[in-house]
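One structure is given below, encoded as structure tokens.
In this note's numbering, the protein residues as written are 1 to 157.
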């Protein structure tokens, strides 16, 4: 089956998100003060965190490594039973479901940031990234492309 047009920007967004969060989260793990990436002093005032170690680790894993893992799944479509364990959509490849999860994770991540840290320009951009991941993942062509053989694709929009 030919890759749908939405496949390409979806993969690009997962790549850019993953690399960005891998770098940012990694820098916060290496320097929990946040100085390495220019976080202003007092950024965590009013938050439950004394430093950026736990937020950095969370960023590194869920918005860094996870989207890069999803990217591999989207491109190669490997049949890994262990990766399918958290797939709530049995008629679709696990990478499709994980792409949905990634969009939701990004939106939740930024929403929590808005509650605890000073607002900055990248937050609305990353909300848009999360929404774009959801929209691209839910396009009919992408849904069909990741539907397992034997499922009924005529029920898709």
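No residue lacks a Cβ here, since even glycine has one placed at the ideal position from N, Cα and C.
Quick one: what's residue 92 bridged to in DSSP?
147
C-beta atoms of residue 37 and residue 133 nearer than 7 Å
no
Report the residue from 56, 139, 86, 99 whose alpha carbon sits nearest the alpha carbon of residue 74.
99
Does the contact criterion of 3 or more C-beta pairs under 8 Å hold for the region 57-68 versus the region 16-27?
yes
Residue nearest to residue 46 in terms of C-alpha spacing, selected from 53, 117, 78
117
Kindly list the residues whose CB is nearer than 8 Å to the CB of residue 11, restricted to its own chain and excluding five residues on each side of it in sequence; keep chain order.
71, 74, 75
Give me, in chain order, the residues of the same chain whose beta-carbon lies closer than 8 Å to that of residue 156; leave out the 5 immediate sequence neighbours on both sides.
Annotation note: pLDDT 49 at residue 156 (below 50); position unreliable, coordinate value reported separately. Once the five neighbours on either side are set aside, the close Cβ partners of residue 156 are 140, 143, 144, 147.
Where residue 122 and residue 112 are concerned, what is the direct C-alpha to C-alpha distance, given to the nearest angstrom?
14 Å
In terms of residue numbering, what span does the alpha helix (DSSP H) encompassing residue 71 cover?
66-76
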